[in-house]
Every structure is written in C-alpha cells, then in structure tokens.
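Q: For the record, the sequence lines run as chains A and B. The working numbering applies: residue 28 is where the first sequence begins, and numbers increase by one. The working numbering applies: residue 28 is where the second sequence begins, and numbers increase by one. The beta carbon of each residue, even a glycine, is placed where N, CA and C say it ideally should be. Here it is: the structure, laid out below.
Number of protein chains: 2
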Amino acid sequence: MAEYDAIVIGAGIVGLSTAYYMKKLCPDHRIIVIDKMNAAGQGNTAKSAAMFRCFFYSTTNLRLVDTSVEFFKHVQEERGVDLKIRWTGYLWLFSEESYNQIKGVLDTMSRLGLQYRLYDEKELADRLGLRTRVTHDEEAKLMNLVDVYKGIFIPKAGSLDVDSLVKFYEAEFMKLGGEISYGTEVKSFVVEPRLPLGIPNEPYFWQESRVAGVITNKGAVKAKKTVVCVGAWASKLLDPIGIETHVKPIKRQIFCVKAKSEFLSKLLWTKGFNREGCMPFLILPKPKVYIKPALEEESFWLCYGDEFPRAYKLEEEPQPEENFYKYGIYQIVVKYLPQFRGATYSSAFAGLYAVNTIDRQPLIFEENDLIFAGGTSGSGIMKTDAIGRIVAALYAEKQYATLYGGKEFKIEELGLKKRKIEPEKFVI
Amino acid sequence: MAEYDAIVIGAGIVGLSTAYYMKKLCPDHRIIVIDKMNAAGQGNTAKSAAMFRCFFYSTTNLRLVDTSVEFFKHVQEERGVDLKIRWTGYLWLFSEESYNQIKGVLDTMSRLGLQYRLYDEKELADRLGLRTRVTHDEEAKLMNLVDVYKGIFIPKAGSLDVDSLVKFYEAEFMKLGGEISYGTEVKSFVVEPRLPLGIPNEPYFWQESRVAGVITNKGAVKAKKTVVCVGAWASKLLDPIGIETHVKPIKRQIFCVKAKSEFLSKLLWTKGFNREGCMPFLILPKPKVYIKPALEEESFWLCYGDEFPRAYKLEEEPQPEENFYKYGIYQIVVKYLPQFRGATYSSAFAGLYAVNTIDRQPLIFEENDLIFAGGTSGSGIMKTDAIGRIVAALYAEKQYATLYGGKEFKIEELGLKKRKIEPEKFVI
C-alpha cells in the first residue's frame, strides 16, 4: 500500500493551488493529488463564470481576493502565463432604496481606498441603452422589478480563464515533484486508532482515532494527512465519518447568448468603461441577474443565483433548465436591456456551488489528521491563491499564512472554533 | 383539497407539545398534526433514555429545561397524570483534571442557586462499590481511562416516561379540537407564489413564494402555515426546498442489562442518594459512558454518545451494534463497576439524535410561511414543554413566549438571525 505524507482529494482549483503551496512549503514531502475525473479542473471548477472583483466590505474577503488577483496578475504579466485576464470591471446597478442602504457601506469602502465610480440613471441609459425605469410597465410590476437609480462601477474586477489557471497550478505542482492520480475516486476514508491494539473492528470510541488515508476505486492510499478539497461533494464524503463541513450543494446555471444581432453586438462592445472596450460584468438591481461579457465567444453569459425553493441537492451532472431561462432570466433581462428581445441561448451549463450555510465564506480546519478546505460558496476561484496558501500553512503546522505580497493571514480566522469574519455587506 | 390554518408535521414529542400550545393560543384555528407512523411518539422520541436535569450553565438551557420539568411535575402532582417521574438525580463523575476545569463553572452555577452536592473519591467507592483508581491497570491505561476524583450529585434530575408525556400532549390537543392524521407521510412541500399568475411551473425566482402545505401519501394538504417538527428527518425533508436547518442525524444506542446478579441488584438499589432508594443516573468520567437505573424493568440502560468517526446518517431503523457494547461500553463500565463483570445485555435499541451542528441547542425559526423547530440534539424531551410554547408563540406572531411559571422567553433567541445562546459548559 502506497504511503504518502499527504493526499489531496480533488484536482479542482482549490485542490491544485493547495497542493502546489503544500509542496512549495514542504518540498521533501511526498504529496499526491487524486481526483475521480480524468484531468484537472473538470468538476464544478469548470462550471464557473470565473469572475473576480477586488471590492468587498469584509476585510477577510478583501484580503483573500485582492492578494489572489494580484498573484494572477503577476503570473500573467511577469511570468508570462496567459490566464486570459480581462479587466472588464463590474457594473452593479441599484434601485434608490437599495442604493440608500448600501451608501454607508460604500463610504467605508471608499475610506479603505477601494476604487469605484458612480454612474447616474441617465449616464447608464445613454451608455448601455439601459431602460432604467421599468415599473410603469404592468408586467415588470408583477415581476417585482425596480427602477435603476445608480450604477457602481468597480474597475479592479473582471474575468479570467479558469482552465489556464488550473493548468498553471497543476504544472507548478508537478515541477516541484508532486504526484497526481486521475480517474481515482474516493470510496471511503481509512480511520485508524493512533495506537492500534489489534481488536476486531477497531477503532473503538475509547481510542484516539485519526484519518489515515482513503479507499479508492484503485485501492487504498495511506497518508499522514488527508486534505479534502472536494467542493460540493464535502458532505457526501465526510458525513460518513461524522466530520461536519456545513457545506451544501446548490445548482447554478449559465445561459450563453450569442451577440449576433447588431443591438447585442453593440452592447457587448460598449466603449468607455474599460480598456477591453466592452460592457462590464453587469449586475441587475433586483433580482440580481448578472450578465458576463464573454468576449472570446462574442456572447453574453446570463445567470442568476436563486435561493428558496431551489433545492440543496448533489448531482453528478446538474442540468440547466429551459424554463429558468425562458420564464426567469430572459424575462428580467429584456425589461432592462431591450437589446435582448427575442434572444435565445445557444448553449447552457450548470454546476454546483459549495455553499457554507453558516456565513458563505471559505472554511479551513483540521480534525483528526484530516484537513478540510471548502465552502467557497461561489467565490472560490477569485480567492483560490490565498486559500491554497492558507491550507498549505495549516498543513505545515503554522499559525499564519503568507499571502501573495507578503501579508500575513491568521489561519484560525477561517476555522470553526475561532472563526473571525465580518459579514459581507456587498453581496450579489 | 383540505385547507387548514396550520399543519404540524411530526407527532413526536416536539410536534405534539407544539400542536397543543398552538391550539391553546389559537383555539379557533384548524390545526392538524400528521405523522407517517401509526401512533404518537413512535419515531426517535421512543428511542430516548428520557432523562432530565435542571442543571445547566447556559441560562437558555436552564430556562428551557427548568420550566419544562416544573410543568411535568405539575402535570403529575396537580393534574394527576402519571408521567412516572423518578427523581433519581444525576451523579456525574470527574477526574481531577476535568474537575479542576469545571470547578469555576460550578461556582457560578452555585451562585445562580443551583443545588448540587459533592462526593469525594472515598464516599463514591463506599456507596457504589466504585473502583475510583483504574489507571494502575494496564488495560485501563490503553483505554485512556482516568481515575475518579469527585462526583457531583444533582438532585433536581431524573427520568420520566416519555410515552405517558406524549400521550398527555396528544390528549390535551385533541380535547381542544385538534386533528391528527397518522399513517400520513410527507412526500414534498407545496410551494406557491404569493400572487399566482398561472405561468407554467411557477413560482419563478422573481415571484415571492411560500410553503403552502404538503403532498402526502394520502394527497395534498394545504395550510396557511406549515410547522416542521421532524427531528432527525429535517434535512431530508427541507433540503429539497433549500431551507437549511443545520440538523444532522447521528445514531445513539442503548443497551439494557438486567440487574439479575446480587451485585447488580445491590448497585441498582443503592440507598442514600435519593428518595427512590436507587443508584442515580451515573456518568462515568471519560469516556462519558452513562448508566440509567431503569427501575420498572430492574435493569440498567448503558449508553455512550460517540462522535468521530460515527457517521451522520439517516436510517429508518438504526440498529444497535453488538461490538459497540462488547468492546466499547462494557469494557469501560466493568473497569469502574466490577459488579458488571460478565454482564450481557438482554435487549438493545438505537435511535437518532437530531444534532444542530452549530451549537447543539434547539433551533426555531420561520421562513416563507414554514416554521421549523428542531435540532434538539438529545435534550428535546427535557425541553419539550418550553419548546412547544415558544413555537406556538412564534406561530401566533408574538415576540415572546410565556413559559410555565410565567417567565417570558424572547423567541428570536432560538432563531438563526438573532440567535443568542451562551455555550453550555456542562455537557455530557
């Protein structure tokens, strides 16, 4: 039976950045990443809109994202790895009521030095062809839509190519001598007493026990530490050994609409917001449907993160729902952006968010030689570099992780026992 | 389709006390309790050790339990309903190390007026035939056992007959005109828009939606409010509509050992602790195996609440595990109480705790016309009267519930958003 210093379960973005920083911190350790898929980042990592924004009220969020994005920038600009970063910016639309609620928060964020620019109703209408007043419309009223009052443009924000990022971490990990075994699915954990006595079916509860590896479809793999980075699959894997992760899976759908018509093409290539010369990532006021400019494909990605009565449900291949577009997203988008009138989607996909139902922030802790990193709740990619460094520092038995740029991060702030996170007030 | 003011799902102890107080607060409301079983309290309620103690550090716990136990006492002594309350007391054994940790807490509790009596090692040995020093024994050392240093006896504690209590609440609910439908299993919830528009597959996410009842094996039942009191089944029922309860099920096993031998009979009928003239409910120091004197059956109930690697797992009929007794509980008990030498169990059963994995306290909240009450984490019966009153007060749209004896309880303290609970420092 193979014995490693560490097994990392999951070759998604979190697993690979974690494995890389573990190997970097502990170059002599024998570390293996295993994943049931046949390549890196093929699970829910691949289903992301892959957007980022360095604009958060919670300093925890801000540190995680800002250092990660600075690192991505460094990789692309100084190390010459094309992550296809597009600095599209975020344009967040607010009704008068919600703007007044967020105004104080915005002032605080401004004092923290966070850059943003306000657009008023008229500017938004002129630049984007946005219908800012919709509530005179009977249908819009029935749909509980609201009028647009302001737009907040966040310049330090955009998209990247997650596949390139995944491959970057994978390659760096391999360069350091890391091992990866694809097509390797975890069936269960090996739990052993720290002091085996040879009694049938041990460990018993009076013994101190630990996770000593995993049983996979290819056999057992043992390790001193088992690092679990499985996203939405957390409960499914860890409930059987009674480790609570507070993670529930929820479906998220993305519908791709080609910018074929003249109107849509003009919208996609809206000038004046960013150097890309494109429409920023746009967030409608309520419901917060969002639209990503997908420049390579000359298309828009339309999405909405619905809650009640959306199920918490684990699925191998979650499917996008035609009606969710047709009676949901489309109906809303077309009220604000008439350019979408008649637009159908050319493709669609669905993935699962790994929601930490306590506070929707990442959770990183160690219990019984098992290290858990997850609950990224839809913002895992934009935080992934920081998360990888923090998990690796926990693995290396440190108290602080050094994030990109040299800032220290106290690991226990993302743990369960001494968790210390300000609630995010600026949420999609 | 039948339409009610309220459906209460679950005729366990929490569901029935809740239904009773709802009907009492709102006598004109048409309220129905439904349960998949064919009688009251047949699920995990029936699998409890049914112990109570009015001795908690958390004032929340103390208020919930103390007022409930005072009510049980009132029912038995003043209303003439025999709940078979046995004031056996709890005798909690501590090692020197753990006693020193708990000492400060004990002083605080003493100042709160909570009664207890300390026993030293010698008294415990003399009265119970307890082996207080076990660590000279090689086996006990391997099992990580500890020497007994002190015992804390809590007089306001004991057991009751849960079936009698369940039947009491059921009868009171029926007397007020409540309806019950047994053999009625919930398949799913009816979710409707508040303002139906007649669009296929509504509600859509831009509509405000609510829970409007349930689909059962006997058809749909609609109601203005749906009250969910399903214990360990919470996630299974509510995940499909995305309502997070933070409840996970965990198996708990009870092994019944007859006090057949002279030694065991003498132990069971140990004098000097209580008016029953029996051994108190005994909690061993570490692991905290506990032993209930089951007087009616002339036996002991032996139990241990194990955690890692015990699975969080929902089972219709969880089974007790022979090895859990043979290599687990028995091995520990016999080290401290040699009277158990050779004792086998005559019967055993297992049930599921509904663990609130956030703080192991009850959780009561309303979302989208659904009221949830659960997560009682093994102390639901002893808190049930207070819980029923609190849920009923929430149903009646009050801010405070009046507990037995007249004390007010702020409902939101048990909710999710404004939860306010001191961590319990005195836990089994």
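Name, please, each residue of chain A whose Cβ falls closer than 8 Å to the Cβ of Gly-269(B).
A: Correct list: Ile-277, Glu-334, Phe-335, Pro-336, Arg-337, Ala-338, Tyr-339.
Q: Please classify Trp-14(A): does DSSP put it in a helix, a strand, or coil?
A: The structure shown does not extend to residue 14(A), since chain A spans only 28 to 455, so no value can be given for it.
Q: Considering only the alpha carbon of each residue, which of Ile-281(B), Arg-446(B), Tyr-339(B), Thr-403(B) lies closest to Gln-346(B)?
A: Checking every option, the nearest Cα to that of Gln-346(B) belongs to Ile-281(B).
Q: By the three-class DSSP mapping on this structure, what secondary structure does Ile-417(B) have?
A: Helix at Ile-417(B).
Q: When you compare only the Cα positions, how much space is there between Lys-130(A) and Glu-439(B)?
A: When rounded, the distance between both Cα atoms is 28 Å.
Q: Quick one: does Thr-272(A) have its CB under 7 Å from some CB of chain B?
A: It does not; no Cβ of chain B falls within 7 Å.
Q: Tell me the rounded alpha-carbon separation between Trp-233(B) and Leu-172(A).
A: Straight-line Cα distance between these residues: approximately 8 Å.
Q: Establish whether the CB of Ile-438(B) and some CB of chain A are separated by less than 7 Å.
A: Output row for Ile-438(B): interface = no.
Q: Report, in whole angstroms, the separation of the C-beta atoms of Tyr-176(A) and Glu-148(A), which I expect to be a contact under 8 Å.
A: That belief holds up - the Cβ atoms of Tyr-176(A) and Glu-148(A) are roughly 6 Å apart, short of 8 Å.
Q: So, does the CB of Val-35(A) fall closer than 7 Å to a CB anywhere in chain B?
A: Cβ-Cβ to chain B under 7 Å: no for Val-35(A).
Q: Determine the direct distance from the alpha carbon of Phe-300(B) to that of Glu-150(B), and round the result to whole angstroms.
A: Distance between the alpha carbons of Glu-150(B) and Phe-300(B): 12 Å.
Q: Thinking C-alpha only, which one of Leu-390(B), Leu-157(B), Tyr-146(B), Thr-403(B) is nearest Lys-293(B)?
A: It is Leu-157(B) whose Cα lies nearest to the Cα of Lys-293(B).
Q: Counting along the chain, where does the beta strand (DSSP E) carrying Leu-264(B) start and finish?
A: Not the beta strand (DSSP E): Leu-264(B) falls in the alpha helix (DSSP H), residues 261-265.
Q: Output, in chain order, the set of chain A residues within a Cβ distance shorter than 9 Å of Thr-384(B).
A: Within 9 Å Cβ-Cβ: Glu-271, His-273.
Q: Since Trp-233(B) meets chain A, which of its residues come closer than 8 Å, beta carbon to beta carbon?
A: By Cβ distance, chain A contributes Met-170, Asn-171, Leu-172, Pro-314, Gly-355, Gln-358, Ile-359.
Q: Check for me: the beta strand (DSSP E) holding Leu-309(A) runs from which residue to which?
A: Here the beta strand (DSSP E) through Leu-309(A) covers 308-310.
Q: Provide the residue(s) that pair with Glu-219(B) in DSSP beta bridges, ordered along the chain.
A: Arg-237(B), per the DSSP bridge assignment.
Q: Could you check whether Ser-236(A) and Pro-223(A) sit closer than 7 Å to each other, using their CB atoms as the reference points?
A: Against a cut-off of 7 Å, the Cβ pair of Ser-236(A) and Pro-223(A) comes out as no contact.
Q: Kindly indicate which residue of Arg-416(B), Val-284(B), Thr-94(B) has the alpha-carbon position closest to the one of Lys-319(B).
A: Looking at the Cα atoms, Val-284(B) is the closest of the given residues.
Q: Cβ of Val-7(A) less than 7 Å from any chain B Cβ?
A: Shown here, chain A extends from 28 to 455; a query on residue 7(A) therefore has no answer.
Q: Taking the alpha carbon of Ala-423(B) as the point to measure from, which residue in Ile-277(B), Phe-392(B), Lys-263(B) has its own alpha carbon closest?
A: Ranking Ile-277(B), Phe-392(B), Lys-263(B) by Cα distance to Ala-423(B) puts Phe-392(B) first.
Q: What does DSSP give as the partner residue(s) for Ser-326(B) in the beta ladder?
A: In the DSSP output, where bridge partners are listed per residue, Ser-326(B) has Lys-285(B), Ala-321(B).
Q: Going by DSSP in three states, Asn-383(B) sits in which element: helix, strand or coil?
A: Strand at Asn-383(B).
Q: Can you tell me whether Lys-298(B) is buried or exposed, with buried defined as 16 or more other CB within 10 angstroms of its CB?
A: Counting Cβ neighbours within 10 Å, Lys-298(B) comes out exposed, since fewer than 16 surround it.
Q: Using a Cβ-Cβ cutoff of 9 Å, what residues of the region 42-69 of chain B are near chain A? List them in chain order.
A: Against chain A - using a Cβ distance shorter than 9 Å - the region 42-69 of chain B contributes no residues.
Q: Scan the region 343-417 of chain A and note each continuous alpha helix (DSSP H) run of 4 residues or more that stays entirely inside, going in chain order.
A: List check, alpha helix (DSSP H) in window: 357-363.
Q: Comparing the C-beta of Asp-93(B) with each C-beta of chain A, is any distance below 7 Å?
A: No, Asp-93(B) does not count as interfacial toward chain A.
Q: Are any of the Cβ atoms in chain B nearer than 7 Å to that of Asn-228(A)?
A: Yes, contact with chain B.
Q: Where Glu-343(A) and Ser-95(A) are concerned, what is the direct C-alpha to C-alpha distance, given to the nearest angstrom?
A: Their Cα atoms are separated by approximately 29 Å.
Q: Hey, how far is the Cα of Gln-426(A) from the Cα of Asp-134(A)?
A: Gln-426(A) and Asp-134(A): Cα-Cα distance of roughly 33 Å.
Q: Measuring straight from C-alpha to C-alpha, what distance separates Ala-167(B) and Pro-312(B)?
A: Those two C-alpha atoms are separated by around 13 Å.
Q: Could you tell me the boundaries of the alpha helix (DSSP H) in which Arg-90(B) lies?
A: Where Arg-90(B) is concerned, the enclosing alpha helix (DSSP H) stretches over 86-104.
Q: Would you kindly report the start and end of the unbroken alpha helix (DSSP H) that includes Val-60(A)?
A: Careful: Val-60(A) lies outside any alpha helix (DSSP H), inside the beta strand (DSSP E) at 58-61.
Q: Does the count of Cβ pairs from the region 331-343 of chain B and the region 263-283 of chain B closer than 8 Å reach three?
A: The answer is yes - the region 263-283 of chain B touches the region 331-343 of chain B, with three or more Cβ pairs under 8 Å.
Q: Beta carbon of Ala-381(A), beta carbon of Thr-403(A): below 7 Å?
A: Result yes, Cβ atoms of Ala-381(A) and Thr-403(A) sit closer than 7 Å.
Q: So, Tyr-47(A) versus Arg-416(A), is the Cβ gap smaller than 7 Å?
A: Against a cut-off of 7 Å, the Cβ pair of Arg-416(A) and Tyr-47(A) comes out as no contact.
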